[in-house]
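Contents: one structure, followed by commentary.
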Amino acid sequence: MSRHASLAILLACLQSMASAGAEERLDALEPRAAPEPTSPSSWQTRQDYARVPVSRAVVLPPMDKVAADPSERVEDGGPLHIGVGRNLPETDQHDLTATVAWTGLPDGRRVASFSVRSPGAVAIRVAVTASLPQGAVLRFFGSKDPNRRYPVIKNDVDTRWSPTIPGDTAGIEIDLPAWTHDSEVSLRVVRVSHIYTSPTAVRSSGGNTCETVEVACKSLPTCPTNAVARMTFTLKDGTSALCTGTAANSRRPRDDNLDTPYFLTAAHCINSQIVADTLETRWFYEYDSCESPHDDPDFTELFGGAALVAADADTDATLLQLRDALPNDACLAGWNTRSGWPGGADVTSLHHSRGDPKQWSGGSIEGTVFLSGRDLIRVAWAEGFTVGGASGAGLFDGSQDLIGILSGGPECVVGEVSIDFYGRFDRFYHSYAGVHLQHDDPPPVDDHGDAIAEATPVVSGSEVTGEIDQGSDADVFRVVVLRRGTLTVYTTGSVDTIGRLKREDGSTLTFNDDDVLSGTPNFRIDAEVAPGAYYIKVSGFGHTDLGAYRLHVEFTADTVLVPLFLAASALDNDGRQGFVRVVNRSDGAGDVRIVATDDAGTSPGAIILTLDGGETQAFNSQDLEEGNADKGLAGRTESGSGDWRLALDSELDIEVQAFVRTTDGFLTAIHDVVAMDATGSHYVPVFNPASNVNQRSRLRLVNPDPANAVVVTVTGIDDAGDEGQSAVELELAAGSSRTLDSAELEEAFGDGVGKWRLWVESDGEIHLVNLLDSVSGDLTNLSTRGADNYRE
């Protein structure tokens with residue numbers, strides 16, 4: 000931040016109260032308030048560099064003490080400098096891949112690594128130029144914490160700066176696919192940014208106009224406090240600097256705002272795309288309490304850089320669009336374009352002076368000025384002040400709306416009123432930012448919706464095609480999970496994709512940019528999930544990664560459920576028997592735990608099935624109720640109330656197949672259940688009327704919750720397209736199961752024309768089986784519909 004005593008001298012003759020355009024206002028957008036996603040596993044280095052040495056180490060000579068002086072450096076009209084650029088020794092200014100040793104990995108890939116050290120640095124960034132074959136990955140790591148994950152580079156780059164890595168050493172790992180040759184890759188380190196020892200914060204709770212005030216010492220609203228972040232960026236020559244910025248709300252859909260947020264700062268901080276690409280933001284960097292210890296507080300850091308949207312020297316304001324999603328607890332500040340503020344109007348500012356944990360200043364507006372060619376707001380501070388590193392901070396009015404962006408001011412003098420100047424947001428809005436923050440453009444035609452509200456429904460076990468047709472395009476899909484297990488989503492195709500798995504509130508559960516298993520640029524996510532709705536967001540890795548892809552959605556339950564296992568009495572009564580095959584796909588032996596629950600919700604206790612490695616074992620209804628040690632079963636249920644449902648779980652990799660078989664050997668697969676559609680209903684496409692006595696439809700409802708009852712509602716439409724007269728409503732007791740027939744449904748529906756289509760809704764998790772019972776004694780499971788013949 001620029002501070003010149005001469006600024007104060009010029010003020011009296013430069014007053015201006017001009018305003019432009021109609022007043023606009025937008026409220027803040029509250030945060031998602033959810034746990035932060037973990038970094039993708041593809042960012043993890045393939046070798047553990049806490050134990051494995053790098054194959055080549057580049058060490059720069061010690062810096063001159065004057066050049067490395069860590070005192071505050073604020074260039075005239077510029078940001079606070081915290082690092083200087085350095086060249087590598089001449090002997091290392093070449094393709095480093097020609098001088099490193101390559102190590103083969105078990106999957107056929109090969110890696111090489113080297114490090115760059117600038118002695119005395121508290122942190123370091125390296126700028127690389129790389130030529131990478133398809134499938135190659137460039138990873139970064141540090142000497143202080145080699146296992147910390149950083150974003151990767153996967154494409155050819157002219158010059159790309161690494162993340163800021165704590166310590167004086169940056170490590171680089173090159174990971175090549177098995178089919179590539181060493182000669183296909185080249186990499187040069189063209190510049191190093193040596194970051195100085197961090198200045199120690201001078202802590203204060205206020206009371207002096209030349210003392211900073213920590214936000215913990217004030218009772219402040221969550222927003223805009225959590226919309227403010229510390230910025231670190233690096234210039235082309237390797238100079239690194241600090242500023243402050245504020246995430247700003249726009250009239251885009253909520254998901255777009257939170258996934259690719261707009262971010263306001265000063266133009267004298269960032270005004271070019273080259274510098275915007277290097278941006279890192281640090282969020283929630285603040286002390287927990289006013290008098291807390293001096294330990295550095297926790298924070299969340301984003302490394303993805305930003306797109307330069309607009310920069311205006313006249314108001315010293317820049318609008319960026321971050322490439323990373325906003326942290327889940329961060330918010331977007333509201334703003335207004337009011338002008339002509341009354342003298343004495345109260346204002347506040349939130350900033351990272353000196354790069355320290357977040358601080359607060361409070362004062363009042365003295366007027367608007369035209370100073371050094373800039374449209375500014377003059378502010379007098381009553382408490383707190385700003386120094387270098389605060390540039391770009393927002394100025395907020397009494398409604399917590401952003402109205403200005405910190406440009407500069409004279410040095411604070413004890414005993415005198417501290418003054419700052421903020422670029423006028425109203426002028427910047429009407430000249431540049433408004434068209435983006437208002438987002439009045441009509442949405443482009445797209446194959447899939449870009450937001451949660453427009454998500455395309457998909458089901459587990461399905462595939463769907465999509466296309467990234469322009470750099471900002473993203474496709475969102477919705478999948479409903481019925482029980483706990485592993486949800487796997489991935490893409491195939493030639494497009495380098497990024498995948499985000501989101502919760503129902505839009506917060507990101509996890510994300511990934513590369514499938515490590517296949518070594519392709521397609522993402523792969525394997526996430527442990529609970530029952531509920533989830534969203535998959537697919538976008539290109541970079542703005543040039545365009546084209547078609549195929550999304551695959553798979554689900555593996557932690558517990559394998561068999562929704563219907565006939566009672567042993569069914570063999571004598573109906574000539575039918577429950578029959579289950581369990582396959583141990585593991586090499587080793589182990590146990591399978593089987594919990595049987597009867598239709599009344601009673602579970603007699605677990606039965607253990609012991610399997611050898613690779614063994615398959617089958618048991619029937621009589622084995623379950625009476626026991627059969629010869630089949631590896633330990634325990635029995637004895638007879639229960641009605642039929643059974645089974646839950647099987649094991650540390651083994653098991654495959655379970657469930658059937659109903661008749662005395663003449665006819666088998667019906669019974670492991671399939673009716674899927675839930677995008678509306679949250681179970682859709683049954685065909686259900687015979689009560690008048691069909693030869694093929695009787697049965698609807699088996701299962702409440703898997705052993706502690707809570709669930710209310711179920713069934714509605715129907717007949718072949719003429721007419722709805723039933725009323726819905727069927729019933730309560731399933733905790734853990735119980737019930738089977739409905741057509742006659743029971745038609746007591747509410749009335750007589751229909753032809754067959755019925757059913758929609759079954761519930762206020763809790765249920766499992767549904769659509770059965771057809773023939774007079775011949777055969778039972779058919781109609782739960783699975785033809786995926787290619789039905790569209791949500």
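Note that the sequence shown covers residues 0 to 791 in numbering that gives the first Met the number 0.
Glycine included, C-beta positions come from ideal geometry on N, C-alpha and C.
In DSSP terms, what residue i is bridged to
i: glycine 626; result: BP columns for glycine 626 are empty, so no partner.
i: arginine 85; result: Val191
i: leucine 481; result: According to DSSP, leucine 481 bridges with nothing at all.
i: alanine 169; result: Val115, Gly141
i: histidine 350; result: Gln358
i: asparagine 583; result: Ile653
i: valine 552; result: Ser461, Val488
i: lysine 536; result: Val475, Arg499
i: asparagine 335; result: Arg24
Cβ-based neighbour list, residue i, same chain, cut-off 8 angstroms, excluding 5 preceding and 5 following
i: threonine 491; result: Thr519, Asn521, Tyr548, Arg549, His551
i: serine 15; result: Only weak support is given to the placement of serine 15: the predicted model assigns it a pLDDT of 37, under 50, and the question is left unresolved by the model.
i: threonine 667; result: Phe658, Val659, Arg660, Asp777, Leu778, Thr779, Asn780
i: glycine 448; result: Ala454, Thr455, Asp474, Val475
i: aspartate 721; result: Gly751, Val752
8 angstroms Cβ cutoff met for residue i and residue j
i: valine 692; j: valine 759; result: no
i: threonine 487; j: aspartate 513; result: no
i: glutamine 656; j: serine 620; result: no
i: glutamate 279; j: leucine 263; result: no
i: tryptophan 359; j: threonine 347; result: yes
i: leucine 647; j: glycine 631; result: no
i: leucine 698; j: leucine 739; result: yes
i: leucine 729; j: aspartate 642; result: no
i: isoleucine 376; j: phenylalanine 420; result: yes
i: valine 673; j: valine 768; result: yes
i: histidine 193; j: valine 57; result: no
i: serine 114; j: valine 51; result: no
i: alanine 265; j: leucine 405; result: yes
i: threonine 601; j: phenylalanine 540; result: no
i: arginine 592; j: leucine 436; result: no
i: glycine 141; j: alanine 111; result: no
Chain-order list of residues whose beta-carbon lies under 6 angstroms from that of residue i (same chain, five-residue window excluded)
i: glycine 639; result: Asp597
i: glycine 397; result: Asp345
i: lysine 143; result: Pro165, Gly166
i: glycine 206; result: With a pLDDT of 46 at glycine 206, under the threshold of 50, the modelled position of this residue cannot be trusted, and the question is left open.
i: alanine 329; result: Pro30, Asn225, Trp282
i: serine 773; result: Gln694
i: threonine 636; result: Ala595, Pro603, Leu623, Glu624
i: serine 126; result: Residue identity differs from the one stated: residue 126 is alanine in this sequence, not serine. The residues are Thr158, Trp160, Val189, Arg190.
i: serine 725; result: Ala747
i: alanine 200; result: Only weak support exists for where alanine 200 lies, its pLDDT of 37 falling under 50; the value from the coordinates is given anyway. Result list for alanine 200: Asp355, in chain order.
i: lysine 675; result: First, the residue type needs correcting, since residue 675 is methionine and not lysine in the sequence shown. Around methionine 675: Val479, His681.
i: cysteine 222; result: Ala27, Cys330
i: alanine 556; result: Arg482, Gly484
Burial state of residue i, where buried means 16 or more other Cβ atoms lie within 10 Å
i: alanine 177; result: exposed
i: glutamate 415; result: exposed
i: glycine 715; result: buried
i: alanine 389; result: buried
i: serine 696; result: buried
i: serine 649; result: buried
i: tryptophan 101; result: exposed
i: serine 775; result: exposed
i: serine 736; result: buried
i: histidine 267; result: buried
i: serine 218; result: exposed
i: serine 204; result: Caution is warranted here: a pLDDT of 42 is assigned to serine 204, below 50, making its placement in the model unreliable, and no coordinate value can be reported.
Close-in-space but distant-in-sequence residues of the same chain around residue i (CB under 7 angstroms, 5 per side omitted)
i: aspartate 167; result: Arg116, Ser117, Pro118, Gly119, Ala120, Ile123
i: glycine 612; result: Asn583, Ser585, Asp586, Gly587, Ala588
i: isoleucine 8; result: The pLDDT assigned to isoleucine 8 is 32, lower than 50, so where the model puts this residue is not dependable, and the model offers no usable value.
i: alanine 33; result: Asn327, Arg502, Asp504, Ser506
i: alanine 617; result: Phe578, Val579, Arg580
- Task: Indicate whether the contact test is met: 3 or more Cβ pairs, each with one atom in the region 529 to 544 and one in the region 475 to 484, closer than 8 angstroms.
- Result: Under the three-pair Cβ rule at 8 angstroms, the region 529 to 544 counts as touching the region 475 to 484.
- Item | Segment contact, 8 angstroms Cβ cut-off, at least three pairs: the region 554 to 572 with the region 494 to 508 | no
- Does the region 242 to 249 come close enough to the region 217 to 231 to have 3 or more Cβ pairs within less than 8 angstroms? yes
- Message: I'd like to know if the region 348 to 359 and the region 379 to 389 are in contact, where contact means that at least 3 CB-CB pairs between them fall below 8 angstroms.
- Response: yes
- Message: Across the region 246 to 256 and the region 294 to 310, are there enough close Cβ pairs to call them in contact, namely three or more that are closer than 8 angstroms?
- Response: Judged by Cβ distances under 8 angstroms, the region 246 to 256 makes no contact with the region 294 to 310, as fewer than three pairs qualify.
- Query: Do the region 451 to 466 and the region 401 to 414 meet, that is, are 3 or more Cβ pairs less than 8 angstroms apart?
  - Reply: no
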